[in-house]
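This report refers to the structure that appears directly beneath it.
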Amino acid sequence: DTISLSVERERVQNVQVEAYPRNPRVGETVELRCHAGNNPRAVVAWTRYGERLPLEARQYDDRLLITHLRMDHGGIYVCTVTTPSGVMEQNYALVIQSPLSSRDVVNFPHNSRSVETRSAEFGSTVVMKCLADLEPPASFTWMKQDGQLPFQATVKQETLEIVLVHAEDAGTYLCTARNDQRTVDLPIMLVVTGVVPRFLGNSYMTLPTLGDAYLRFEIEISFRADSPDGLILYNSQRDAPNGDYVAFGLQDGYAVYQFDVGAGMMSLMSLEPLTVGDWHTVKLARNRKNGRMSIDGAPALTGSTEGRHVGLELLEPLYVGGVPEGAALNSQANYTSNFVGCVSRLVIKDSITELMRVAHDKVNVEACGTCSDEPCHNNGVCQESYSPNGYKCICSAGFSGDTCSETGDTCYPGLCGDGRCVNRPGGYDCFCPYGRTGIHCEHEIIITEPAFSEGSFIAYKTPSSIKRFSMGMKIKPNKDLSDGLLMYCAQTEQGDGDFTSLALHNKRLEFRFNTGTGTATITSDTLTPGTWIKIHANRTDRLGSLSINDGEMIHGQSPGSHKGLNLRIPLYVGGVDSNRVEVSADVEVTGSFSGCISEINVNERELKMSDMKSSLVDSANIGQCEDTEAGQNPEGACHMQDPCTNGGVCHDHPQRSYICVCPLGFTGEHCEHETIIQESASFSGTSWVEFGSELLSSNRQDRSVTLEFTTTESNGLMLWYGQPPDISGRGRDYLSLAISNGYLELKFRTRDGEGSVRSLVRLDDGGRHNVRAVMGSHLATLQVDNLPVETTALPSNAIVNARGGVFIGGVPEPELMTDGMYSSGFDGCLHGVTLGNTRVDTISESALSGVDVVSCSS
């Protein structure tokens, strides 16, 4: 058979890049469009010269969309267009203008916006239509800015339909319409109303019974009262005036929290009446017989019941806003009316309850309308939300803050990558998880010994023993020996109750603990700066001890009679999450430690550095200690982190810390993505695929290989059939196909001699070439594209006696297996491989093994 291939080089048009808008400002969105003519086979890729693309950048076909622009987003952006006839690039210098100041928008009409705004009731169905004035045929694409389309969204060309709209569905949706002449982007702002309920005095909601509340619970509720009296929360054992119950509400303006576990009522009342018409947030907690109430972040009020009962039996529904008319309240719950006002937020067990969605019954409940006062400035859009004040502002470009009154950017999904974003006046802060660093947590970092600075912490599971507690570590403080927390664990996040701490204070180490009747403080001598210090702290009941560098024990004792240390929050090391945890005032130190920490052990159990990441429950902004402990040789990233999954093999790398070599069928930085490779595969020069030797075994009369390839590299092994990977190829039979100095070469060795056939022209031009190589009974032939067939005569006994598999794209050990003939594998794409009479349609299923092989894009 003869295969003919005719190739015509197409004319590559000039690549042009345009930006919309031409002069984007900080906080705005810019779209870079790469025009490469009307070639349907053109593949466009965007890169940034000398840097990674911003986390805010997303590519859609030939467009690059960058949202929430910052000054550091400026730079050279490169559009690379690949077609069958070649590769072209075009650079674009993106310059970001300074943000608008508030005086630039002070004259904007309050409701004047260039973005269409749609409003939808909570739980309803909304249909948004892309009204683009384009001549048909036109195509339409929908996306949600700063997030994904809702799960319940359906796209039908120019329409986007969302059923059962939720509060989190609010935001800006972007429709991109295009035809052969132009592309148009149309943003639509969706506002969801009816999110926050309002109770009228004869209203109530029924929710599922308060779960897992037998021994303890924590509730947080935000509300705005329009009357000084009213029952807000109620849950009971039975619909009767007796039995267990829990209640919270207002009496004469005072917040009142009650419960009874069968041993008498525990009751707490606020010290001052709450202001009617203002928003308030109250945290309620119970642990067995002990109760706690904190109002608007003030120190908590505590109380307890008498008797031996500790369990709270709840069987009735949880009522919010009041109870049904005629319901029998517990006789101790002296509430005379239902609540009048709005409830914006209910948090149970750290989970926000969507009241309007999860309520079984909603009786006489109406929408609160928290946005009716138009609280958002500078053209911001108000959205009702489950927040302490019942709304959030979606700010215009260049503005941030709770009411969009501040200049600067604000948090949005993905801004901090895998980290956590926290808004602050004038901007935001990223709190990066363990192993990530950078302004937006964009860089990976290998940590062998953690380094702490302001805002840093790591957190472990809460220690379980209340009788004994011990903590050990080695530290190297910064030279100024500034104050900082080394360890903190407590009963509550509000800074009250039991706690234990280890801190650097006034250039000394302090070990403190409080079991409920007073604080014990054990203090070391003044420390020596610039050295590693070994610490061991221990507590048993009311007795504590502290030793430094295995020196003499320093003892101390807590006052009072309580012995048990009740700890509920995570064990923090190096600092605390200041956005969640208020450190007890008795510690006298609140900031993070500055320096290095190693060899951490809790209750005599060492926490290995290699297992650090998996053992943490939280962390933020941890660096690598630049001055590791003397005598320590930090192990490589592969040993410390074991980052490769799905059978990937890790290799330490001087620039990238490590690289993962992925088995066939997996790809990604950590081999985390499963992939199916069809008939086209991409090879990197170190990758390879192995097939069974029977496809080219010696009992076949003709051993043939047919394939297509694309490469720009001048050297690389494309096919090898020889000995197994652990056997040297010196003096042994083989069959190979390779690019050598730009030419394709078929080479072989048999018992009676060796030979080769070479193409007449160079083939490392990036074009796609068709190849057929055959070892027949008398001739070896090589045909490339439609060029004449190259041949060479074979020895009398032209049988390749090989015991290994057939390797495509390279081999595991090129120097050993090829006896130094080839040093690297093929770098490029292979398509439509046929070995003998077998066409390989799905490489990842047909091959025996392989590494670092991915699908070709074209």
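Quick note on this note's numbering: the sequence shown kicks off at 15 and runs consecutively. Positions of the beta carbon are idealized from the N, C-alpha and C atoms, including for glycine. Keep in mind it's a predicted model, so treat the numbers as computed, not measured.
{"query": "Nearest-angstrom Cα separation, counted from S281 out to E618", "result": "41 Å"}
{"query": "Distance CB(L581)-CB(C664) smaller than 8 Å", "result": "no"}
{"query": "Three-pair Cβ contact test at 8 Å for the segment 750-764 versus the segment 719-735", "result": "yes"}
{"query": "Outcome for K622 when other beta-carbon atoms lying within 10 angstroms are tallied against a minimum of 16", "result": "exposed"}
{"query": "Pair within 8 Å by beta-carbon distance, I472 and L214", "result": "no"}
{"query": "Reduced DSSP category for S281 - H, G, I as helix; E, B as strand; rest coil", "result": "strand"}
{"query": "Stretch pair the segment 132-150 + the segment 169-177: three plus CB contacts closer than 8 Å", "result": "yes"}
{"query": "Opening and closing residue of the beta strand (DSSP E) in which S608 lies", "result": "Where S608 is concerned, there is no enclosing beta strand (DSSP E), given that its DSSP letter is neither H nor E."}
{"query": "First through last residue of the beta strand (DSSP E) which encompasses L369", "result": "Careful: L369 lies outside any beta strand (DSSP E), inside the alpha helix (DSSP H) at 369-372."}
{"query": "Which of helix, strand or coil DSSP assigns to C652", "result": "helix"}
{"query": "Residues near S538 in its chain [Cβ-Cβ closer than 8 Å; skip 5 each side]", "result": "R522, L523, E524, L560, I562, I568"}
{"query": "8 Å Cβ shell around T417 - same chain, five flanking residues per side excluded", "result": "P389, C390, H391, G394, C407"}
{"query": "DSSP-derived helix/strand/coil call for S701", "result": "coil"}
{"query": "Span of the alpha helix (DSSP H) around I857", "result": "857-860"}
{"query": "Alpha-carbon spacing of D555 relative to S401, whole angstroms", "result": "41 Å"}
{"query": "Backbone secondary structure at P464 - three-state DSSP", "result": "strand"}
{"query": "Exposed unless 16 or more other CB atoms sit within 10 angstroms - verdict on F513", "result": "buried"}
{"query": "Cβ neighbour criterion (16 or more within 10 Å) applied to N647", "result": "Low confidence applies to N647: its pLDDT is 43, below 50, so where it sits in the model is not reliable, and the reading given next is rough at best. Result: exposed."}
{"query": "For A191 and T197, the rounded distance between their alpha carbons", "result": "6 Å"}
{"query": "Residues of its chain near D118, where Cβ-Cβ distance is below 7 Å and the 5 sequence neighbours each way are ignored", "result": "Residue confidence for D118 is low, a pLDDT of 34 falling below 50, so the modelled location carries little weight and cannot support an answer."}
{"query": "Integer Cβ distance of M102 from V92, believed to fall under 8 Å", "result": "Wrong, their Cβ atoms sit about 11 Å apart, outside the cutoff."}
{"query": "Cα-Cα separation, S351 to Q251", "result": "20 Å"}
{"query": "Euclidean distance between Cα positions of P802 and R786", "result": "12 Å"}
{"query": "Beta carbon of Y474 nearer than 8 Å to that of P584", "result": "yes"}
{"query": "Straight-line gap, P98 to N800 (C-alpha atoms, nearest Å)", "result": "17 Å"}
{"query": "Cβ-based neighbour list, P38, same chain, cut-off 7 Å, excluding 5 preceding and 5 following", "result": "V44, L83, I110, Q111"}
{"query": "V209 versus G355 - alpha carbon distance", "result": "14 Å"}
{"query": "Inter-residue spacing [alpha-carbon to alpha-carbon] between G276 and N304", "result": "13 Å"}
{"query": "Distance between S696 and I841 (C-alpha atoms, nearest Å)", "result": "The residue asked about is misnamed: residue 841 is Asp in this sequence, not Ile. In a straight line, the C-alpha of D841 is about 8 Å away from that of S696."}
{"query": "Rounded C-alpha distance that separates V296 from T533", "result": "27 Å"}
{"query": "From P68, I489, Y442, T764, residue whose alpha carbon lies closest to that of T542", "result": "I489"}
{"query": "Identified DSSP bridge partners for A794", "result": "M789, T806"}
{"query": "Residues near P828 in its chain [Cβ-Cβ closer than 8 Å; skip 5 each side]", "result": "L731, Y836, S837, S838, G839"}
{"query": "Beta-carbon proximity check, G609 vs S707, cutoff 8 Å", "result": "no"}
{"query": "Local Cβ density within 10 Å of E380, reported as buried at 16 or more and exposed below that", "result": "exposed"}
{"query": "L343 beta carbon less than 8 Å from that of V334", "result": "no"}
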